[in-house]
Amino acid sequence: MMKRKTWLTIGIAALLLFCTAVLAEGANRNVPLDSALDAALNAPGSGIAFANGSAYPWQVVEIDGRTAAKSGNAGAANSSSAVSAQVTIAEGQSLSFDWNVDGEPTTGALAMWDYLVFIVDGEYIDYIHSVEENTPLGWETFTWTPDEAGTYTVEWAYNKDASNNSGADCGYLDNVAVIGEPVQTAAPTAEPQPGEEFTIFEEDFSQLPSDEWWNDDMDGDGSYWHWDTSCGHNAPGALYSLSYSSSGPLTPDNWVCIPYFDIPADAENVQLSFWLSAFDEDFYAEHIDVCVISIYENYYGYYDYEILGTLDSITLDSCNWRKYTCDLSDYAGEEELSIAFMHCNCTDQSGVILDDIAITATVGGELPCTPGDVDFDGRVTVGDALTVMRHALNVYMLPEAALPAADIDADGNITVADALQIMRIALFNQ
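Each position in the sequence shown, counted from 1, maps to that position plus 218 in this note's numbering.
Below, the structure written as structure tokens:
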């Protein structure tokens with residue numbers, strides 16, 4: 219029969235337990251387990267190294283058909299028996315373990331009777347306790363996932379109050395392991411530097427274009443642009459539009475528009491490139507207008523367009539593949555643009571093929587200038603000095619962007635004196 223405990227008794231017990239835990243802290247940790255106890259705590263395939271408390275060390279036990287570990291402070295009033303480890307948990311992983319307890323039933327809050335607690339970096343995470351006299355709680359699996367990847371100190375402690383020893387009076391632990399596959403984080407992509415080229419849009423039609431493309435039959439004859447893998451510039455896959463069909467000549471007005479794109483305000487030398495060809499070597503005079511457009515939803519909920527500018531008006535002069543380029547630099551800073559390829563103003567030919575569309579640009583602005591760092595690798599080296607020396611002796615020409623970094627004395631000339639000063643900086647930095 220469980221004896222009644224007053225709140226005064228509870229308070230005294232808690233205080234004594236706290237004092238005992240503090241006094242025993244140094245002795246209760248950092249004592250390596252033997253291999254048998256280590257094996258008992260780890261799940262199969264797990265290799266966590268544990269540290270055992272010396273005051274009330276945990277012990278190997280055979281229970282419920284498993285080899286596990288149990289706390290060692292049974293019958294010791296106001297005591298704590300702890301086992302701990304350091305675990306490294308990557309993003310996507312968790313710590314898992316099985317635990318059980320057989321002690322004085324607890325009906326109140328934490329730190330009243332006897333309980334087994336799981337602690338991470340000194341913070342109580344969860345605990346278990348018996349709910350019936352002389353009856354183990356039963357094995358439970360607990361999984362803890364940290365908010366962020368890192369190395370953590372984890373601890374399991376069976377804490378006892380001042381009185382009442384019930385059941386086996388211990389906590390049990392088994393199958394400790396870090397589980398889950400680490401998330402593979404891609405290395406961050408370096409931001410392009412001023413003067414470097416970057417891609418705004420690219421499509422080679424190796425796969426069916428996404429629903430973000432617009433494909434309109436403006437003349438309503440039922441003929442559109444089509445995707446096909448039987449044709450293509452460098453590889454199978456392209457778009458085509460017909461000006462002749464099995465029913466006879468067509469007068470197409472077919473538009474295909476690429477998905478929305480933005481052009482950064484600091485972009486320079488913005489170039490649209492694409493390849494065109496015709497189906498037939500005798501009937502090749504297909505016509506394409508290339509326009510910058512804006513597609514928007516109008517007042518009635520329908521999509522409409524506005525032509526912002528015509529980039530090119532092309533009539534093919536052969537069926538051979540040819541690359542075309544158009545300058546988009548005037549649209550730097552514009553958002554939600556599209557390019558419309560309009561197959562129009564032709565009839566009774568064969569068909570036009572469109573492939574390998576790309577929009578590229580150069581990052582504007584000036585490279586960050588570190589005096590002497592003419593290769594912009596973030597360091598001033600002997601190699602930088604020798605490069606400047608070659609330039610000063612007219613055996614090599616530095617890129618224009620590197621001239622400010624080479625002109626150490628800022629006199630507007632790149633001389634041997636600049637090269638020697640860069641050499642001094644490089645040797646001083648070694």
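A virtual CB, placed ideally from N, CA and C, is assigned to each residue, including glycine.
Query: If you scan the segment 299-339 from start to end, which runs of the beta strand (DSSP E) of 3 or more residues do you find wholly inside it?; Result: 312-320 and 333-338
Query: Is the Cβ-Cβ distance between Val-508 and Ala-558 less than 9 Å?; Result: yes
Query: In whole angstroms, give me the CA-to-CA distance for Asn-377 and Asn-296.; Result: 7 Å
Query: How should Ala-267 be labelled, buried or exposed, when 16 other C-beta atoms within 10 angstroms of its C-beta is the threshold for buried?; Result: exposed
Query: When you compare the CB positions of Trp-276 and Ser-299, do they come within less than 9 Å of one another, or not?; Result: yes
Query: Taking Ile-343 as the reference, which of Ala-375, Ile-513 and Val-488 has the closest Cα?; Result: Ala-375
Query: What are the start and end residues of the alpha helix (DSSP H) that includes Ile-643?; Result: 634-647
Query: Please classify Met-436: does DSSP put it in a helix, a strand, or coil?; Result: coil
Query: Touching or not, the segment 282-294 and the segment 344-352, by the rule of three or more beta carbon pairs under 8 Å?; Result: no
Query: Who are the near neighbours of Glu-524 in its chain, counting only those whose CB is closer than 6 Å to its CB and skipping five residues on each side?; Result: Ser-512
Query: Taking the C-alpha atoms as reference points, what is the distance between Tyr-614 and Ala-637?; Result: 13 Å
Query: State the DSSP-derived secondary structure class of Val-592, mapped to helix, strand or coil.; Result: coil
Query: Let me check understanding here. Comparing Cα to Cα, which of Arg-608, Leu-645 and Ala-576 lies closest to Arg-597?; Result: Leu-645
Query: Sort Arg-540, Val-338 and His-444 by Cα distance to Asp-434 and report the nearest one.; Result: His-444
Query: Per DSSP, Asn-172 forms a beta bridge with which residues?; Result: With the chain running from 219 to 648 in the structure shown, residue 172 is simply not present.
Query: By alpha-carbon positions, which one of Cys-564, Thr-543 and Asp-535 ends up nearest to Ala-576?; Result: Thr-543
Query: Can you name, in chain order, every residue of its own chain whose Cβ lies under 6 Å from the Cβ of Gln-489, other than the five neighbours on each side?; Result: Thr-543 and Thr-578
Query: Touching or not, the segment 428-442 and the segment 460-477, by the rule of three or more beta carbon pairs under 8 Å?; Result: yes
Query: Going along the chain, which residues of its own chain have a beta-carbon closer than 7 Å to the beta-carbon of Leu-426, five neighbours each way excluded?; Result: Trp-445
Query: For Ala-623 and Gly-630, what's the separation of their Cα atoms in angstroms?; Result: 11 Å
Query: At 3 residues or longer, what runs of the beta strand (DSSP E) sit wholly inside the segment 540-565?; Result: 540-545 and 556-561
Query: Quick one: what does DSSP say Ser-384 is sitting in, helix, strand or coil?; Result: coil
Query: Is it right to say Thr-447 is buried, meaning 16 or more other beta carbons lie within 10 angstroms of its own, or is it exposed?; Result: exposed
Query: Using the Cβ count rule (16 or more neighbours within 10 Å means buried), how would you classify Phe-492?; Result: buried
Query: Do Asp-439 and Phe-501 have their CB atoms nearer than 9 Å?; Result: no
Query: Following the continuous alpha helix (DSSP H) through Thr-605, name the residue where it begins and the one where it ends.; Result: 600-610
Query: Should Gly-389 and Gly-321 be called a contact, given that it needs their Cβ atoms to be closer than 9 Å?; Result: yes
Query: For Ser-491, which of helix, strand or coil comes out of DSSP?; Result: strand
Query: Ordered along the chain, which non-local residues of its own chain (more than five positions away) have a Cβ less than 6 Å from that of Glu-421?; Result: Ile-575
Query: Rounded to whole angstroms, what is the Cα-Cα separation between Ser-464 and Cys-537?; Result: 20 Å
Query: Taking buried to mean at least 16 other C-beta atoms within 10 Å of its own C-beta, is Val-301 buried or exposed?; Result: buried
Query: Give a yes or no on whether 9 Å exceeds the smallest Cβ distance from Glu-430 to chain D.; Result: Absent from the structure is chain D; it holds one protein chain and no more.
Query: Quick one, which of Trp-362, Asn-393 and Pro-323 has its alpha-carbon nearest Asp-379's?; Result: Pro-323
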